[in-house]
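**Student:**
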Amino acid sequence: MADFTFHHGGVSVPSLDEAIDWYGGVLGFTVEKRFSIAAARAQAAMLRKGPLRFELFEVEGAAPLPHDRRHPPSDLKTHGNKHVAFCVADLEDFLIEMAAKQADIAFVVREAFGKGCFLRDCAGNLIEFVEEPDG
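With my numbering as the guide, the letters of the sequence shown map in order to residues 119 to 253.
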């Protein structure tokens, strides 16, 4: 079987500059590169935080994110890609930090199977953060 590794996740946003500011200020990503995608009429940026990469797209004439895609339980009722997830060492510490940064905490899970939360970025896109019990 072919070997592969994860490279990046990506989301479409209404304002590339606002999203770059949000992902930098709230999550600590920096711009690795900015580029245009002529065929999609898009401006894009690849963000990086250590080994993690996240791609942002501002597409001319794109439709806004539907309301049901902004809430994890309702988002699961539509087929397709759902979100990207990152691991955090301590969910409670992460939630305190995100609240201090006035991040939009959409949903928190504290169940026997695990703990995690979803944030909404500045465009309403869901991003999951999970606490792994073994780090």
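Virtual Cβ for every residue (Gly too), placed ideally from N, Cα, C. Because the structure is a prediction, the values reported are computed rather than measured.
Write down every uninterrupted run of the beta strand (DSSP E) in the stretch 153-227 whose length is 3 residues or greater and which is fully enclosed by it, in chain order.
**Tutor:** You should have 160-167, 170-177, 202-206.
**Student:** So, at 8 Å on beta carbons, what are the nonlocal neighbours of residue 151 in its own chain, with the 5 sequence-adjacent residues on each side left out?
**Tutor:** Working through the sequence shown from its first residue, we reach residue 151 at position 33. Taken in chain order, the residues that qualify are 163, 164.
**Student:** Which residues does DSSP list as the beta-bridge partners of residue 130?
**Tutor:** For this step, residue 130 is matched to residue 12 along the sequence shown. DSSP lists 175 as the beta-bridge partner residues of residue 130.
**Student:** Which whole-angstrom value describes the C-beta separation of residue 183 and residue 241, a residue pair presumed to lie in contact below a C-beta threshold of 8 Å?
**Tutor:** The count along the sequence shown starts at 1 and reaches residue 183 at position 65. The count along the sequence shown starts at 1 and reaches residue 241 at position 123. About 6 Å separates the two Cβ atoms, so the contact holds.
**Student:** Can you tell me whether residue 243 is buried or exposed? The criterion is at least 16 other CB atoms within 10 Å of its CB, across all chains shown.
**Tutor:** Mapped onto the sequence shown, residue 243 falls at position 125. If you draw a 10 Å sphere on the C-beta of residue 243, you find 16 or more other C-beta atoms in it, and that means buried.
**Student:** In whole angstroms, what separates the C-alpha of residue 218 from that of residue 153?
**Tutor:** Translated into the one-based positions of the sequence shown, residue 218 becomes position 100. Translated into the one-based positions of the sequence shown, residue 153 becomes position 35. Answer to the nearest angstrom: the Cα atoms are 32 Å apart.
**Student:** Alpha carbon to alpha carbon, how far is residue 228 from residue 245? Give it in angstroms, no decimals.
**Tutor:** If you number the sequence shown from 1, residue 245 lands on position 127. If you number the sequence shown from 1, residue 228 lands on position 110. One C-alpha to the other measures close to 17 Å.
**Student:** State the beta-bridge partners of residue 138 as determined by DSSP.
**Tutor:** Numbered from its first residue, the sequence shown carries residue 138 at position 20. The partner list for residue 138 (beta bridge, DSSP) is empty, contrary to what the question assumes.
**Student:** Would you say the stretch 230-239 touches the stretch 192-209, given that touching needs at least three Cβ pairs under 8 Å?
**Tutor:** yes
**Student:** Assuming residue 130 and residue 175 make a contact with CB atoms under 8 Å, what is their CB distance in whole Å?
**Tutor:** Residue mapping note: residue 130 aligns to position 12 of the sequence shown, counting from 1. Residue mapping note: residue 175 aligns to position 57 of the sequence shown, counting from 1. At roughly 5 Å, the Cβ-Cβ gap stays under 8 Å, so residue 130 and residue 175 are in contact.
**Student:** Could you check how far apart the C-beta atoms of residue 194 and residue 167 are, in whole angstroms? I think they sit under 8 Å.
**Tutor:** Within the sequence shown, numbered from 1, the residue matching residue 194 stands at position 76. Within the sequence shown, numbered from 1, the residue matching residue 167 stands at position 49. The Cβ separation is near 27 Å, so there is no contact.
**Student:** DSSP has residue 237 in a bridge; who is on the other side?
**Tutor:** Reading the sequence shown from its first residue, position 119 is the one you call residue 237. Paired residues: 223, 245.
**Student:** Tell me the rounded alpha-carbon separation between residue 135 and residue 252.
**Tutor:** Against the sequence shown, residue 135 aligns to sequence position 17. Against the sequence shown, residue 252 aligns to sequence position 134. Straight-line Cα distance between these residues: approximately 37 Å.
**Student:** In its own chain, which residues sit with a C-beta less than 7 Å from the C-beta of residue 133, not counting the 5 before and 5 after it?
**Tutor:** One-based indexing of the sequence shown puts residue 133 at position 15. Taken in chain order, the residues that qualify are 176.
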